[in-house]
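What follows is a set of notes on a single structure, which appears directly below.
Number of protein chains: 2
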Amino acid sequence: MPTNPLILKRQRIARTRLFQVEQLDLRFSNGVERTYERLASSGYGAVAVVPVTAQGEVILVQEYSAGINAYQWGLPKGSIDPGEGNLEAGNRELKEEAGVGARELRFLKSIHLTPSYMERSIDVLVAWDLYEESLPGDEPEPLATMHWPLDNLAELVARADVSDGISITALYMARDYLQSSPIQ
Amino acid sequence: MPTNPLILKRQRIARTRLFQVEQLDLRFSNGVERTYERLASSGYGAVAVVPVTAQGEVILVQEYSAGINAYQWGLPKGSIDPGEGNLEAGNRELKEEAGVGARELRFLKSIHLTPSYMERSIDVLVAWDLYEESLPGDEPEPLATMHWPLDNLAELVARADVSDGISITALYMARDYLQSSPIQ
Numbered sequence: 017m018p019t020n021p022l023i024l025k026r027q028r029i030a031r032t033r034l035f036q037v038e039q040l041d042l043r044f045s046n047g048v049e050r051t052y053e054r055l056a057s058s059g060y061g062a063v064a065v066v067p068v069t070a071q072g073e074v075i076l077v078q079e080y081s082a083g084i085n086a087y088q089w090g091l092p093k094g095s096i097d098p099g100e101g102n103l104e105a106g107n108r109e110l111k112e113e114a115g116v117g118a119r120e121l122r123f124l125k126s127i128h129l130t131p132s133y134m135e136r137s138i139d140v141l142v143a144w145d146l147y148e149e150s151l152p153g154d155e156p157e158p159l160a161t162m163h164w165p166l167d168n169l170a171e172l173v174a175r176a177d178v179s180d181g182i183s184i185t186a187l188y189m190a191r192d193y194l195q196s197s198p199i200q
Numbered sequence: 017m018p019t020n021p022l023i024l025k026r027q028r029i030a031r032t033r034l035f036q037v038e039q040l041d042l043r044f045s046n047g048v049e050r051t052y053e054r055l056a057s058s059g060y061g062a063v064a065v066v067p068v069t070a071q072g073e074v075i076l077v078q079e080y081s082a083g084i085n086a087y088q089w090g091l092p093k094g095s096i097d098p099g100e101g102n103l104e105a106g107n108r109e110l111k112e113e114a115g116v117g118a119r120e121l122r123f124l125k126s127i128h129l130t131p132s133y134m135e136r137s138i139d140v141l142v143a144w145d146l147y148e149e150s151l152p153g154d155e156p157e158p159l160a161t162m163h164w165p166l167d168n169l170a171e172l173v174a175r176a177d178v179s180d181g182i183s184i185t186a187l188y189m190a191r192d193y194l195q196s197s198p199i200q
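As they're listed, the protein sequences go chains A and B. This note's numbering applies: residue 17 is where the first sequence begins, and numbers increase by one. This note's numbering applies: residue 17 is where the second sequence begins, and numbers increase by one.
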C-alpha cells in the first residue's frame, strides 16, 4: 500500500444544511503538491437494503430524485439514526419505505459513493423472511413499490428509470451473495 | 410515472471550484412542500472504463481517494473533455491511467452516483482488444495497476481497499454483459 499524502492544510470552504466542502492541500510521497476538494461526511452513515421475498423477488421503491429532477426505482435506503445499528436502521427503512419488516438482515459491505471526492459511505444489507409492517417515514408522499425477479437484473438495469449506482451495486452484490449462500 | 414536483424556487447556495450546491423549494403533486438540497453538475460528464484483457482479466488502478484519505483499487475513470465523445474519453483515460489503449469500446449505461441529491452521472464503458500505449495524465503520481480475473469479483469486492461504488457497479455490469455477449 502506498504512503498517504501528507495533509499540509485542511479547511472547510463551504457548508450548507446537507453538504460540507473541505479543501485539502496535499503533498504526495513523490513530493508533488496538489489542492483537492472533498465532501466531508457528517451523521452516522447510511444503509441500502435489498429486501428479497420468498419468491426470489426484490422489492423496489419509486422515489423522487432531486439530483436529477426525476422519479427513479431503487432500493429502500436512508440515514442511520443516532444510537441505531445498521441492521436496525435497515429494518426501519424497510418498514417506512416498502411496508415490510425482515426477520433476517445481513450486512454485505460498506461502499463509498465515490471515494475520490466524497467521504460518505453506505452499508449494503440483504434482507429476507419478510412480513408486512409499516412505519410512518419522513417522505413527502407514499412510495410506490414493485417486485422484480432478482435473477433478471439485466432487464432492470437497462431501464432508464433505474440509474442509481448504489442501488445497482447493492442488487448485484445481493444476487451474487444469494447465489452462493441460498436462503433455503 | 408520477408527476414531478413543482419547483417553486431554485437558488445556488454555495459554490467552490468543484461543487455547486443548489436549494430547491418543491411542491409535490399531493401538495406537500419541502426544501431539498442537491449538488448540481457542471462539465461534460465522466466515464468509468472496464478494460478486459484477452485472458479475461480486468486492469485495475490504485489511486489516492481524497474523500476517504486512502488508496483504493478501482477502474480507470475521469471527466470527459470539451468536444470529446464518451468512447474517446474512455480510451484517453485508459492510456493515461492504465497504459493501454483499446480497439473496442462499448457504452453500457449512464449511471448516477446518487441521484437523490447529485446531478452527476458517469458513463460505464467496457473495453477490449487492448494494446500498450501511454499518455501523460493529470495525476500527481504514476498509478500502480493490477490484473484481476473478471469471473472472481466476489473476492475482489470483499477487499477493504476496493470500495468505490461506481467501480463495483461497472465491474458487475461488464461481467454480466460479457457473459451474455462473449468477446470471441
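Ideal placement from N, C-alpha and C gives every residue a C-beta, glycine not left out.
Handout entry: Any C-beta of chain A under 9 Å from that of H128 of chain B
Key = yes
Problem - For N46 of chain B and L172 of chain B, the rounded distance between their alpha carbons - result: So the alpha carbons of these two residues sit roughly 45 Å apart.
Exercise for the section: For the stretch 72–90 of chain A, enumerate the residues whose C-beta is nearer than 9 Å to any C-beta of chain B, in chain order. Expected result: Here the close residues are Q78, E79, Y80, S81, A82, G83, I84, N85, A86, Y87, Q88 and G90.
Exercise for the section: Could you tell me whether the stretch 78–85 of chain B touches the stretch 45–64 of chain A, where touching means 3 or more Cβ pairs closer than 8 Å? Expected result: yes
Exercise for the section: Say whether chain A places a C-beta atom closer than 9 Å to the C-beta of R33 of chain B. Expected result: yes
Practice task
Give the straight-line distance between the Cα atoms of W89 of chain A and E49 of chain A, rounded to the nearest whole angstrom.
Solution key: Each residue's Cα considered, the two are about 42 Å apart.
Handout entry: Three-state secondary structure (DSSP) of A170 of chain A
Key = Three-state result, A170 of chain A: helix.
Handout entry: Contact residues within the stretch 157–176 of chain A, judged by C-beta distance below 8 Å to chain B
Key = Listed in sequence order: E157, A160, L169, A170, V173 and A174.
Handout entry: Beta-carbon proximity check, K231 of chain A vs A62 of chain A, cutoff 9 Å
Key = The structure shown has nothing for residue 231 of chain A, since chain A only spans 17 to 200.
Exercise for the section: State yes or no: is the beta carbon of I29 of chain A nearer than 9 Å to at least one beta carbon in chain B? Expected result: For I29 of chain A, the closest Cβ of chain B is nearer than 9 Å.
Handout entry: Rounded straight-line distance, which links the Cα of S197 of chain B to that of G59 of chain A
Key = 43 Å
Problem - Alpha-carbon spacing of Q39 of chain A relative to E104 of chain A, whole angstroms - result: If you draw a straight line from the Cα of Q39 of chain A to the Cα of E104 of chain A, it is about 34 Å long.
Practice task
Closer than 7 Å by C-beta to G106 of chain A: which residues in its own chain qualify, once you throw out the five before and the five after it? Chain order, please.
Solution key: V63, V65, L121, L141 and A143
Handout entry: Span separating the alpha-carbon of I199 of chain B from that of R136 of chain A
Key = 36 Å
Problem - Start-end ranges of the alpha helix (DSSP H) lying completely within the stretch 85–128 of chain A, minimum 4 residues - result: Here the runs fully enclosed are 102–109.
Exercise for the section: Give the residues of chain B in contact with R54 of chain A, contact being defined as C-beta atoms less than 8 Å apart. Expected result: A82 and G83
Practice task
Look at the alpha carbon of S150 of chain A and the alpha carbon of R108 of chain A, and state the distance between them as a whole number of angstroms.
Solution key: 9 Å
Practice task
Pick helix, strand or coil for D154 of chain A, following the three-state DSSP scheme.
Solution key: coil
Problem - Continuous alpha helix (DSSP H) stretch holding T185 of chain A: start and end - result: G181 to S196
Exercise for the section: Would you mind telling me which residues of chain B sit closer than 8 Å to F215 of chain A, beta carbon to beta carbon, in chain order? Expected result: The structure shown does not extend to residue 215 of chain A, since chain A is modelled only from 17 through 200, so no value can be given for it.
Handout entry: Own chain, CB closer than 7 Å to T19 of chain B, minus 5 neighbours either side, in chain order
Key = S45
Practice task
With DSSP collapsed to three states, give me the class of S132 of chain A.
Solution key: coil
Practice task
Below 7 Å CB to CB, which residues in the same chain sit around G153 of chain B once its five sequence neighbours on both sides are set aside?
Solution key: E112 and E113
Exercise for the section: Classify S45 of chain A as helix, strand or coil using the three-state DSSP reduction. Expected result: The three-state secondary structure of S45 of chain A, taken from DSSP, is coil.
Practice task
Return the chain-ordered list of same chain residues with a C-beta closer than 6 Å to the C-beta of V178 of chain B, the five sequence neighbours on each side being excluded.
Solution key: W89 and L172
Problem - Backbone CA spacing between E100 of chain B and G115 of chain A [nearest angstrom] - result: Spanning the two alpha carbons is a distance of roughly 46 Å.
Exercise for the section: Tell me whether S58 of chain B counts as near the ligand COA, meaning its Cβ is closer than 8 Å to at least one heavy atom of that ligand. Expected result: The ligand COA is not among the ligands present in this structure, which contains no ligands whatsoever.
Problem - Three-state secondary structure assigned by DSSP to V178 of chain B - result: coil
Handout entry: Close-in-space but distant-in-sequence residues of the same chain around W164 of chain B (CB under 7 Å, 5 per side omitted)
Key = E73, V74, L76 and L172
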